[in-house]
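Below you'll find the structure, written out as structure tokens, and then a few comments.
Residue numbers (full-length UniProt numbering), protein chains in the order written: chain A, 1 to 268; chain B, 1 to 375.
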């Protein structure tokens, strides 16, 4: 038996154990809300004494909760749609054209990723109060489009890097106009990259709390903002049910993203 | 082959391409006749791919004009030049089936569904790949993919098909098979083809005319046998086929013969077409297969010692080291019962005068930073 092999074997076990501890440390606080959400009492308790779906019933029947959930979904869908329309053409232009000042433009598009969200929130608050966009769906959507566009662009640009530029050249030699090249050659290949970007954008918008907190009041309140204020003012166990629902939704979307990325890798 | 009467499919007039200070192409004039198979041959960086990209319209010339099928195409967008192109990496659309790939250029041209089906089926039969019509390109072998990519060009009958090292990614046997297939398609369809390669054998096999490029210029052009038997420069001689080159100085000339004085002796050479004067420098070229081992001390022979003999199947190559240290290669046909390698034997390598050629000296590339030697 090789002693070196033995020691590296032990080292690997220690590393594995450490990794699992980290995972648990990260996961347990999120997972603990799951059993709590199935409890049946007026307060948060762990472990719950009896199991029921009462908290979920409460969530889906209270218009204050249910309404903000719908509001969040509306904002997330609108954000994703608008951000896609902006980010996909922008990414294509930045990746393929020889536009002067391309680097500067790319920097500008990426800026919202670098500016602290709280600063962005404050800035948007001051600006939107002049424009009468405070506490409107349009205002939140606009802000979220800003936040999510760079992420879609990154995903699409990396997709473009994987797609062979010769395909666009050959299509154009065969007589295809730029429009045909974009819709019949570029877009179909970018499908998975665009879907990944869109899911990211949807997820980000769905649980974005800082900017939405600045921009919304009672009318346009999104679910995370509602949760945040609920934590501060009432601390109801419905929060556990909401958290569980959000976690499941995020998990599903994350799995979707992973599946899509696998598919892209298998392609290239 | 550069027949002026045949209508030109492509004409380049003084085409120059500069990238900043670097001149990738120096004022190229080139005419390709309808139906001709022309090969751009040259080492990498010689400008052959740049020339192809200029004709395709992927880049624009710094100066000069490009005329395609009688129409000034210098500033015409790529998609309106009516060309076809075959790439080394096939460039088939991965998200389309073989059928859809070939149908694409027809759809772009707005043909009816029935017509598209008929034409695609026709070319699939022509390349004998009808059975894979429903497959995706990645399910095909490299050779099959390249045939599909050829079919995708042929199907819409472009004025000119450009091929950028189309067989570079295939193994030797498949490459030779595909060379014949491309030649067959060219002969059957009569499409003008401009083929780029750095492989001299491929150029010799396939072309009506070879355009040899060197450093952004046309070094020499002509039919394959002209380039092989009558190279005009040392570069041409060395790039196509192998060659024995003996540098020297022209001593005298009378009638059709001049004498070249070299470190290995003075040799009579047929006078070249260009005027030469005593005192000019020159290089003597004899192809290895035109040399033979001999005992006679002819004026057209050099003395040396056999350093090595290698068997290449049908032929044997002798490497003969001469007195001044230079090497002469003698290639003889292999015969049954022929004596084996006579290593270290002192021999003479001889040739007949008609097989020798006097070339001008190569441009002096040792001069530092001359603008002409750039690239």
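We put the CB at the ideal spot given by N, CA and C, even for glycine.
Span of the beta strand (DSSP E) around residue i
i: residue 85 of chain B; result: 83-86
i: residue 257 of chain B; result: 257-262
i: residue 163 of chain B; result: 160-164
i: residue 294 of chain B; result: 292-294
i: residue 214 of chain B; result: 209-214
i: residue 13 of chain B; result: 8-19
i: residue 248 of chain B; result: 244-254
i: residue 346 of chain B; result: 346-350
i: residue 195 of chain B; result: 192-197
CB of residue i within 8 Å of CB of residue j, strictly
i: residue 271 of chain B; j: residue 294 of chain B; result: no
i: residue 231 of chain B; j: residue 285 of chain B; result: yes
i: residue 201 of chain A; j: residue 141 of chain A; result: no
i: residue 260 of chain A; j: residue 185 of chain A; result: no
i: residue 78 of chain B; j: residue 66 of chain B; result: no
i: residue 165 of chain B; j: residue 196 of chain B; result: yes
i: residue 180 of chain A; j: residue 120 of chain B; result: no
i: residue 233 of chain B; j: residue 43 of chain B; result: no
i: residue 16 of chain B; j: residue 47 of chain B; result: no
i: residue 288 of chain B; j: residue 331 of chain B; result: yes
i: residue 112 of chain A; j: residue 86 of chain A; result: no
Separation of residue j from residue i, as counted between CA atoms
i: residue 88 of chain B; j: residue 53 of chain B; result: 14 Å
i: residue 303 of chain B; j: residue 292 of chain B; result: 12 Å
i: residue 204 of chain B; j: residue 250 of chain B; result: 32 Å
i: residue 84 of chain B; j: residue 124 of chain B; result: 17 Å
i: residue 200 of chain B; j: residue 297 of chain B; result: 35 Å
i: residue 164 of chain A; j: residue 188 of chain A; result: 13 Å
i: residue 36 of chain B; j: residue 208 of chain B; result: 6 Å
i: residue 283 of chain B; j: residue 243 of chain B; result: 11 Å
i: residue 229 of chain A; j: residue 213 of chain A; result: 9 Å
i: residue 202 of chain B; j: residue 106 of chain B; result: 31 Å
i: residue 9 of chain A; j: residue 31 of chain A; result: 31 Å
i: residue 210 of chain B; j: residue 254 of chain A; result: 58 Å
i: residue 3 of chain B; j: residue 253 of chain B; result: Note that residue 3 of chain B scores 46 on pLDDT, short of 50, meaning its location in the model is unreliable; the coordinates nonetheless yield the value given after this. So the alpha carbons of these two residues sit roughly 34 Å apart.
i: residue 223 of chain A; j: residue 216 of chain A; result: 11 Å
i: residue 346 of chain A; j: residue 152 of chain A; result: No answer is possible for residue 346 of chain A: the residues shown for chain A start at 1 and end at 268.
i: residue 168 of chain A; j: residue 174 of chain A; result: 10 Å
Below-8 Å beta-carbon distance, residue i vs any chain A residue
i: residue 93 of chain B; result: yes
i: residue 353 of chain B; result: no
i: residue 108 of chain B; result: yes
i: residue 10 of chain B; result: no
i: residue 84 of chain B; result: yes
i: residue 104 of chain B; result: yes
i: residue 78 of chain B; result: yes
i: residue 163 of chain B; result: no
i: residue 13 of chain B; result: no
i: residue 24 of chain B; result: no
i: residue 89 of chain B; result: yes
Chain B within 8 Å of residue i, Cβ atoms only
i: residue 262 of chain A; result: no
i: residue 177 of chain A; result: yes
i: residue 174 of chain A; result: yes
i: residue 136 of chain A; result: no
i: residue 180 of chain A; result: yes
i: residue 95 of chain A; result: no
i: residue 259 of chain A; result: no
i: residue 188 of chain A; result: yes
i: residue 91 of chain A; result: no
i: residue 115 of chain A; result: no
i: residue 167 of chain A; result: yes
i: residue 164 of chain A; result: yes
i: residue 88 of chain A; result: no
Minimum Cβ-Cβ distance from residue i to chain C less than 8 Å
i: residue 194 of chain A; result: Absent from the structure is chain C; the protein chains it does hold are A and B.
Outcome for residue i when other beta-carbon atoms lying within 10 angstroms are tallied against a minimum of 16
i: residue 267 of chain B; result: buried
i: residue 161 of chain A; result: exposed
i: residue 233 of chain A; result: exposed
i: residue 161 of chain B; result: buried
i: residue 235 of chain B; result: buried
i: residue 144 of chain A; result: buried
i: residue 206 of chain B; result: buried
i: residue 351 of chain B; result: buried
i: residue 18 of chain A; result: exposed
Span of the alpha helix (DSSP H) around residue i
i: residue 150 of chain A; result: 137-162
i: residue 206 of chain B; result: 200-206
i: residue 68 of chain A; result: 63-96
i: residue 28 of chain B; result: Residue 28 of chain B -> not in any alpha helix (DSSP H); beta strand (DSSP E) instead, spanning 22-33.
Any non-hydrogen atom of the ligand FMN closer than 7 Å to residue i Cβ
i: residue 74 of chain A; result: The ligand FMN is absent from the structure shown, which contains no ligands of any kind.
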